[in-house]
Every structure is written in structure tokens, then in C-alpha cells.
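**Q** This is the structure, below, for whatever I ask next.
There are 2 protein chains.
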Amino acid sequence: MASRERTTDVAVDKRRQILDAAVRVFARQGFHSTRVSDIADEAGVAYGLVYHYFRSKDQMLNELFSERWSLLLATIEETDGDTPPRQRLAAVAGFIVDSYRHDPELMKVIIVEVTRAANSFGRTHLPEIRNAYELIAEIVAEGQAQGVFRDDIDPNFASLSFYGAIEQLLSGWIFDLIPSGSQDFDRAADLVVETICGGLEPR
Amino acid sequence: MASRERTTDVAVDKRRQILDAAVRVFARQGFHSTRVSDIADEAGVAYGLVYHYFRSKDQMLNELFSERWSLLLATIEETDGDTPPRQRLAAVAGFIVDSYRHDPELMKVIIVEVTRAANSFGRTHLPEIRNAYELIAEIVAEGQAQGVFRDDIDPNFASLSFYGAIEQLLSGWIFDLIPSGSQDFDRAADLVVETICGGLEPR
DNA sequence: TTCCCGATTGACTGGTCAGTCAGCCAGGTA
DNA sequence: TACCTGGCTGACTGACCAGTCAATCGGGAA
Numbered sequence: 001m002a003s004r005e006r007t008t009d010v011a012v013d014k015r016r017q018i019l020d021a022a023v024r025v026f027a028r029q030g031f032h033s034t035r036v037s038d039i040a041d042e043a044g045v046a047y048g049l050v051y052h053y054f055r056s057k058d059q060m061l062n063e064l065f066s067e068r069w070s071l072l073l074a075t076i077e078e079t080d081g082d083t084p085p086r087q088r089l090a091a092v093a094g095f096i097v098d099s100y101r102h103d104p105e106l107m108k109v110i111i112v113e114v115t116r117a118a119n120s121f122g123r124t125h126l127p128e129i130r131n132a133y134e135l136i137a138e139i140v141a142e143g144q145a146q147g148v149f150r151d152d153i154d155p156n157f158a159s160l161s162f163y164g165a166i167e168q169l170l171s172g173w174i175f176d177l178i179p180s181g182s183q184d185f186d187r188a189a190d191l192v193v194e195t196i197c198g199g200l201e202p203r
Numbered sequence: 001m002a003s004r005e006r007t008t009d010v011a012v013d014k015r016r017q018i019l020d021a022a023v024r025v026f027a028r029q030g031f032h033s034t035r036v037s038d039i040a041d042e043a044g045v046a047y048g049l050v051y052h053y054f055r056s057k058d059q060m061l062n063e064l065f066s067e068r069w070s071l072l073l074a075t076i077e078e079t080d081g082d083t084p085p086r087q088r089l090a091a092v093a094g095f096i097v098d099s100y101r102h103d104p105e106l107m108k109v110i111i112v113e114v115t116r117a118a119n120s121f122g123r124t125h126l127p128e129i130r131n132a133y134e135l136i137a138e139i140v141a142e143g144q145a146q147g148v149f150r151d152d153i154d155p156n157f158a159s160l161s162f163y164g165a166i167e168q169l170l171s172g173w174i175f176d177l178i179p180s181g182s183q184d185f186d187r188a189a190d191l192v193v194e195t196i197c198g199g200l201e202p203r
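Order-wise, the sequence lines are chains C and R.
The opening position of the first sequence corresponds to residue 1 in my numbering, with each subsequent residue numbered one higher.
The opening position of the second sequence corresponds to residue 1 in my numbering, with each subsequent residue numbered one higher.
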């Protein structure tokens with residue numbers, strides 16, 4: 001039994017090893033110009049082994065995305081309903097920014113190849129992505145019900161603006177449009193929330 | 001001479017005819033799963049003729065993008081420096097929304113296949129795209145200098161948030177995440193500006 | 001009428017990969 | 001020792017498609 005477990009563990013490790021290699025190669029070359037042989041090389045593994053663990057190249061990206069996106073959804077859902085809406089939005093923005101800080105390559109792949117790739121994987125995962133929008137819209141609606149957000153802006157609309165701003169910010173980091181030092185990360189999440197909630201105009 | 005002109009005109013028409021067909025097919029199937037033969041069929045033209053007018057499939061998309069994006073850049077630059085910054089932002093948002101209202105297929109292609117396609121055409125056109133961000137940032141900076149925008153938010157950051165919000169809104173229309181009736185179009189541009197400038201919180 | 005030339009045609013080629021598969025190897029079991 | 005099983009290997013194949021090119025067409029000029 002112990003031996004069987006060890007065998008399984010090794011197998012799990014190899015699987016993970018391939019998945020991690022895939023993230024690196026996808027981040028470097030993009031999904032489309034990544035050949036499966038590139039992933040195998042990066043993982044230090046034979047071509048065929050990739051297909052021992054994964055049904056297809058697509059499945060690898062799907063798995064990478066869903067793994068992390070489900071954490072995002074969980075984070076949004078977990079924020080307590082008693083917490084002030086603004087703080088809940090800050091938690092969402094914070095999670096996304098921290099995800100990028102912690103593993104920029106993975107987030108780059110998720111954003112570039114899935115979230116923003118409306119004609120390929122974005123379409124496949126539209127329900128999951130839409131789910132996030134809806135949860136954010138609920139937070140906004142709650143804020144309106146409490147009277148801390150103005151109610152002349154549609155919650156779905158506000159949700160798209162909020163998410164769009166964050167995603168564009170990450171894109172800015174990913175493509176070096178804006179500096180990405182660690183203090184930038186620290187301020188970023190609050191700044192998005194401040195921009196969306198407080199507005200550009202002084203009070 | 002007149003005959004020569006007519007010949008040229010016909011050629012221009014055929015070229016346009018192919019380009020227009022390309023927009024329709026790209027919008028319907030996405031750039032990647034569009035075969036050149038699909039474009040030829042849609043245009044009612046022989047396969048080889050496409051290559052008589054265009055060097056490659058890529059060139060068609062590049063041309064479609066640059067044609068419209070240069071109009072956007074011109075619009076941003078044209079807004080008068082004396083106009084209130086908020087109104088200048090409204091003009092930018094208005095142009096983008098009107099472009100979508102006027103030719104949703106073209107805008108879908110531009111956004112989905114270029115602007116959001118960071119690993120393919122987005123990369124190629126990054127300078128043009130970045131140019132738009134910078135021009136928007138200048139408007140924000142001008143607003144800060146005039147004291148009508150708060151100056152504790154980096155203009156480049158505000159620019160990304162603003163553009164990100166608009167693009168996400170168009171994406172919402174494109175993928176039916178939010179309703180797209182004509183009164184939605186009318187309000188949309190102002191609503192984005194109101195959200196970014198005024199903020200979600202009541203004053 | 002003949003010539004010319006650019007517009008037009010579509011069959012064909014070359015290159016690229018994703019995914020397959022026949023078999024190898026190591027180490028556990030009888 | 002002989003056998004077995006499942007991780008592991010990598011050469012190979014079939015499908016796909018962008019771009020080429022040799023040939024045809026049509027209409028104006030001489």
C-alpha cells in the first residue's frame with residue numbers, strides 16, 4: 001500500500017511538473033505558438049508522457065484556468081455580507097492583485113489566453129467568468145440597498161467597469177505599460193477601489 | 001484616362017468588397033478559425049483574388065484595425081484643450097460607443113482580435129494602442145492641473161481604468177452579458193464617464 | 001482583327017503540428 | 001527466476017491550410 005501510494009505521488013508530481021512547465025511556456029510564447037513538444041522539453045519529459053496525463057493541449061489550459069478562477073469565485077462569495085460593500089470590493093481587487101504578485105506567469109496566462117481571449121478559451125469559460133461579474137454586481141446592488149452607493153448606475157454596468165479596470169491594470173503590468181514595483185502592488189488594489197467608488201473628481 | 005480610372009475604381013471596389021467580407025467572417029468565426037477560402041466565398045470571389053489585393057490574411061486584419069484606430073486617435077487629439085476634461089473624456093467614450101453602434105461587426109473584430117488579443121495582433125499594434133492610453137492620460141493630467149480632477153491618482157492609472165471600463169462594456173454587448181438596445185447606447189458613454197469621474201459613492 | 005495586360009481563377013504544394021501507438025523499462029509480485 | 005503492470009518513450013501519421021502559380025478572361029488600344 002505504501003509503495004502504491006508512493007507510485008501515485010510520483011505520478012501526481014510528474015503531472016504537476018508538466019502543468020507548471022506549461023504555465024511557463026504559455027506565458028513566454030502564448031498558447032497558440034506553444035507546441036506540445038515545447039512543454040515536454042520544458043518539463044524534461046518525453047513528448048508522449050504529456051498525453052499520458054492530459055487528454056489534450058487544451059485540457060491543460062482549461063485546468064490551469066479553472067483551478068485559479070474557482071479560488072477567485074470562492075473569495076468573492078466568502079466576503080461576509082455584513083462587511084461594508086466597499087471593503088468587499090477591496091477584498092476582490094486585493095485577491096486578484098495578490099494572485100498576480102504571487103504568480104505573475106499564471107495570471108498572465110489566465111488573462112491573456114482565457115479571460116481576454118473571447119474567441120477561444122474565453123468562450124469556453126464564459127459561464128465561469130460571467131459568474132464573477134454577477135457576484136460583483138451583487139455586492140454593488142447590496143451597497144445600493146444600504147444607501148452607500150448611488151442607485152442611478154446599473155449594478156451590472158458598475159461590475160463590468162470595476163472588473164474591466166482591474167483587468168486592464170494587470171494587462172498594464174503584464175505588458176510593461178505601467179511600472180510594477182512592490183509598492184505599486186500594495187497601492188494598486190486600493191487605488192482601483194478608490195477610483196471606482198470615489199471617482200476622479202474631488203469631493 | 002476616364003476608362004483607366006473606371007478600371008481602378010472597380011479594382012478599389014473589389015478590394016473593399018473583400019475587406020468587408022473579411023469583417024463579416026472574422027466577426028462570425030474569429031480570425032483564427034477563418035480560412036482565406038471563407039473570405040473568398042463570402043465576397044463571391046475566387047480564392048486567388050484575395051492574394052491579388054492583399055499580401056496575407058494578417059494584412060487584412062491589420063488594415064481593418066489601423067483604419068479605424070487612427071480615427072480614434074484623431075478624435076482624441078482633436079478635442080479642444082479648452083474643453084473641460086470631463087467633456088473630452090465623454091467625447092472619447094462617445095466615439096467608441098458610436099463606432100460600435102454604427103458597425104458592431106468591425107468593432108467586435110477590432111476588440112476581440114486586436115485590442116484584447118495580447119499575444120497576436122495586440123502585440124503588433126501595441127504602439128498604436130499605447131498611444132491612445134497616453135493621450136487619455138494627458139487629458140486626465142490636464143484635468144488635475146486645472147484642479148477639476150483629484151491629483152492623488154496617477155494619470156496613467158486613471159487612463160487604463162477608463163479605457164478598461166469602456167472596453168469591458170463593449171465586450172459585455174458583444175457577448176450579450178448586458179442588454180444592447182439603442183437607449184443603452186445613448187446612455188452608455190455618459191454612464192462610463194459618470195462612473196469614473198463621479199464615482200459610485202453619492203456626493 | 002490582333003495584341004496586350006491587368007483582373008481573375010482554382011488546383012496544388014510545402015510545412016506544421018496535435019495526437020497516436022507500438023513497444024521499452026523498472027520494480028514489485030508469485 | 002519469470003512475469004506483469006503502468007509509467008514512460010519518441011517516431012510517425014493524418015489533417016489542415018496559407019500562400020503560389022500557371023493558365024484564362026475581357027476589354028481597350030493600335
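Ideal Cβ positions, reconstructed from N, Cα and C, are used throughout, including at glycine.
In its own chain, which residues sit with a C-beta less than 6 Å from the C-beta of Q17 (chain R), not counting the 5 before and 5 after it?
**A** Taking Q17 (chain R) as the centre and dropping the five residues before and after it, the same chain places the C-beta of A43 closer than 6 Å to its C-beta, in chain order.
**Q** Would you call the stretch 29-38 of chain C and the stretch 111-124 of chain R in contact, with 3 or more CB pairs under 8 Å?
**A** yes
**Q** From A27 (chain C) to I39 (chain C), what does the alpha carbon distance come to, in whole angstroms?
**A** 11 Å
**Q** Quick one: grab the DSSP three-state call for F95 (chain C).
**A** Look at F95 (chain C) here: in three-state DSSP terms it is helix.
**Q** Have a look at C:L19, C:V92, C:P104 and flag the residue whose alpha-carbon is nearest the alpha-carbon of F175 (chain C).
**A** C:P104
**Q** Alpha carbon to alpha carbon, how far is D184 (chain C) from V50 (chain R)? Give it in angstroms, no decimals.
**A** 48 Å
**Q** Would R6 (chain R) be called buried (16 or more neighbouring beta carbons within 10 Å of its own) or exposed?
**A** Confidence at R6 (chain R) is low in this model, with a pLDDT of 38, below 50, so its placement is unreliable and no value can be given for it.
**Q** Does G164 (chain C) pass the burial test, meaning 16 or more other C-beta atoms within 10 Å, or should it be called exposed?
**A** buried
**Q** Is there a C-beta anywhere in chain C that falls below 9 Å from the one on T7 (chain R)?
**A** For T7 (chain R), the pLDDT reaches just 44, beneath the cut-off of 50, and the residue's location in the model is therefore unreliable, although a value from the coordinates is still provided. It does not: the Cβ of T7 (chain R) has no partner Cβ on chain C nearer than 9 Å.
**Q** Going along chain R, which residues have a C-beta under 7 Å from N156 (chain C)?
**A** I178
**Q** Within 9 Å of any Cβ in chain R, is that where the Cβ of L160 (chain C) sits?
**A** yes
**Q** Counting only beta-carbon atoms, is V284 (chain C) nearer than 9 Å to chain R?
**A** With chain C running from 1 to 203 in the structure shown, residue 284 (chain C) is simply not present.
**Q** Report, in whole angstroms, the separation of the C-beta atoms of L89 (chain R) and Y133 (chain R), which I expect to be a contact under 8 Å.
**A** Going by Cβ atoms, the distance from L89 (chain R) to Y133 (chain R) rounds to 13 Å, so no, they are not a contact pair.
**Q** Where does F162 (chain C) sit, in a helix, a strand or coil, going by DSSP?
**A** helix
**Q** Buried or exposed: where does Y47 (chain R) fall if 16 or more other Cβ atoms within 10 Å of its Cβ makes it buried?
**A** exposed
**Q** How about V148 (chain C): is its C-beta nearer than 9 Å to some C-beta of chain R?
**A** yes
**Q** In terms of residues, what are the limits of the alpha helix (DSSP H) holding R203 (chain R)?
**A** That residue, R203 (chain R), is in no alpha helix (DSSP H); it is neither H nor E in DSSP.
**Q** Within a Cβ cutoff of 6 Å, which residues of the same chain sit near M1 (chain R), ignoring the five residues on either side of it in sequence?
**A** Low confidence applies to M1 (chain R): its pLDDT is 34, below 50, so where it sits in the model is not reliable, and the reading given next is rough at best. Cβ within range, chain order: n/a, list empty.
**Q** Can you tell me whether I178 (chain R) is helix, strand or coil according to DSSP?
**A** coil
**Q** On the three-state DSSP scale, how would you describe I153 (chain R)?
**A** Coil.
**Q** Quick one: which unbroken alpha helix (DSSP H) runs of 4-plus residues sit fully inside the stretch 29-61 of chain R? Chain order, please.
**A** 36-43, 47-53
**Q** Buried or exposed: which applies to Q168 (chain R), given that a residue is buried once 16 or more other Cβ atoms fall within 10 Å of its Cβ?
**A** buried
**Q** Looking only at its own chain, which residues have a Cβ that is under 7 Å from the Cβ of I166 (chain R), when we skip the five neighbours before and after it?
**A** Correct list, in chain order: A93, I96, V192.
**Q** What first and last residue would you give for the alpha helix (DSSP H) that runs through P104 (chain C)?
**A** 104-109
**Q** Which residue marks the beginning of the alpha helix (DSSP H) containing N131 (chain R), and which one marks its end?
**A** N131 (chain R) -> alpha helix (DSSP H) spans 126-146.
**Q** So with Cβ pairs under 9 Å, would you call A118 (chain R) a contact of chain C?
**A** yes
**Q** Considering only residues of the same chain and omitting the five flanking positions on each side of A141 (chain C), which have a CB-CB separation below 6 Å?
**A** P155
**Q** Mind pulling the chain R residues with CB within less than 8 Å of V23 (chain C)?
**A** Within chain R, no residue comes near V23 (chain C); the closest Cβ sits about 14 Å away, beyond 8 Å.
**Q** Using beta carbons (cut-off 9 Å, strictly below), is L135 (chain C) in contact with chain R?
**A** no
**Q** Measure from the C-beta of A165 (chain R) to each C-beta in chain C and report whether the shortest distance is under 9 Å.
**A** yes
**Q** In angstroms, rounded to a whole number, what distance separates the CA positions of G147 (chain R) and I129 (chain C)?
**A** 38 Å
**Q** Quick one: is L71 (chain C) buried, meaning 16 or more other Cβ sit within 10 Å of its Cβ, or exposed?
**A** exposed
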